[in-house]
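Novice:
Residue numbers (the UniProt record's numbering): 1 to 288.
1. What residue range does the alpha helix (DSSP H) around residue 234 cover?
2. Express the C-alpha separation of residue 12 and residue 31 in angstroms, rounding to a whole number.
3. Just to confirm the assignment, what range does the alpha helix (DSSP H) spanning residue 134 have?
4. By the three-class DSSP mapping on this structure, what secondary structure does residue 265 have?
5. For residue 145, report the span of its beta strand (DSSP E) as first-last.
6. Roughly how far, in whole angstroms, is the beta-carbon of residue 254 from the beta-carbon of residue 287, given that I think they are within contact range, below 8 Å?
7. Just the Cα atoms here: how many angstroms apart are residue 281 and residue 224?
8. Would you grab the beta carbon distance between residue 252 and residue 211 for me? Rounded to a whole angstrom, and I think it's under 8 Å.
9. Skipping 5 residues on each side, what residues in its chain have a beta carbon closer than 7 Å to that of residue 129?
10. Residue 5: buried (16+ other C-beta within 10 angstroms of its C-beta) or exposed?
11. Can you give me the start and stop residues for the alpha helix (DSSP H) that residue 277 sits inside?
12. Provide the residue span of the alpha helix (DSSP H) that contains residue 202, from first to last.
13. Within its chain, find whatever has a CB closer than 8 Å to the CB of residue 165; leave out the 5 residues flanking it on each side and keep chain order.
14. Within its chain, find whatever has a CB closer than 6 Å to the CB of residue 279; leave out the 5 residues flanking it on each side and keep chain order.
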């Protein structure tokens, strides 16, 4: 695939049948392979490494509906992009949608980490404030020890006199990808780069490992607001990372006995924390 070759695609109008999941089409262009499908959302499955992606989704009925545009990034082979059209949550069944047609289009601009120059990369160039270099995935990131120590107990310990790294000017951070780690530090940067749905999982795993609760709080705010996560994604993420506000919001959406049954029937229900299960059962007592 050519590094600077921009890929553009626009689908023909596709039929939409409410309350039915269907594969729309498969496509391939310049090394990009994708599968587009829908249920209550549009899903793109790709097999392309190191790309930037902009997806435009439209749907039409008799009345005019504004175009919906989503900016996303694809960084791994097989990345899955899901965007929900409208405010309906998948815990309930709504009759507010009618059958119709919609189109989707996307524009992708490939890039390589070794040559790209995104704003997020500029956060880690050498400056008067940086006093240590973190080597991640072969890339050098210039950071400030004191600033990192404020946000991370892991780095506060690492930079202390108790470890040899405390006196080193260059430290290797092993088994971490630059793409994910740079996003982690960018969240707490003064010029903060906010989470995306696609970066949530990686951010939470690293925030937990590097003991950075502020990042978890920022991700929770994202999931409470602009996220396209499904009800079940939000519920199990909130449970796993102890996001109380998000958990309370999810449970508040359980308003019928059918909702409770659907939650309990979900395959991952048994993995929920016992406190979360108790809250769901308490909710059951309120709605019956």
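Note that beta-carbon positions come from the ideal geometry of N, C-alpha and C, so glycine has one too. The structure displayed is predicted, hence computed values, not measured ones.
Specialist: Let's see:
1. 231–240 is the extent of the alpha helix (DSSP H) around residue 234.
2. Whole-angstrom Cα-Cα distance: 21 Å.
3. For residue 134, no alpha helix (DSSP H) encloses it; the enclosing beta strand (DSSP E) starts and ends at 132–136.
4. When secondary structure is reduced to three states using DSSP, residue 265 falls in the helix class.
5. Following the DSSP letters along the chain, one finds residue 145 in no beta strand (DSSP E) but inside the alpha helix (DSSP H) bounded by residues 145–151.
6. Going by Cβ atoms, the distance from residue 254 to residue 287 rounds to 7 Å, so yes, they are a contact pair.
7. Using only the alpha carbons, I get a separation of about 22 Å.
8. Between residue 252 and residue 211 the beta-carbon gap is near 30 Å, outside 8 Å, which marks them as no contact.
9. Setting aside the 5 residues that flank it on each side, residue 129 is surrounded in the same chain by 144, each with a C-beta closer than 7 Å to its C-beta; the list follows chain order.
10. By the neighbour-count rule (16 or more Cβ atoms within 10 Å), residue 5 is not buried but exposed.
11. Note, residue 277: alpha helix (DSSP H), 274–287.
12. First-last of the alpha helix (DSSP H) with residue 202: 200–209.
13. Here the set comprises 158, 159, 171.
14. Non-local beta-carbon contacts of residue 279 in its own chain, meaning distances under 6 Å to residues more than five positions away in sequence, involve 251 in chain order.
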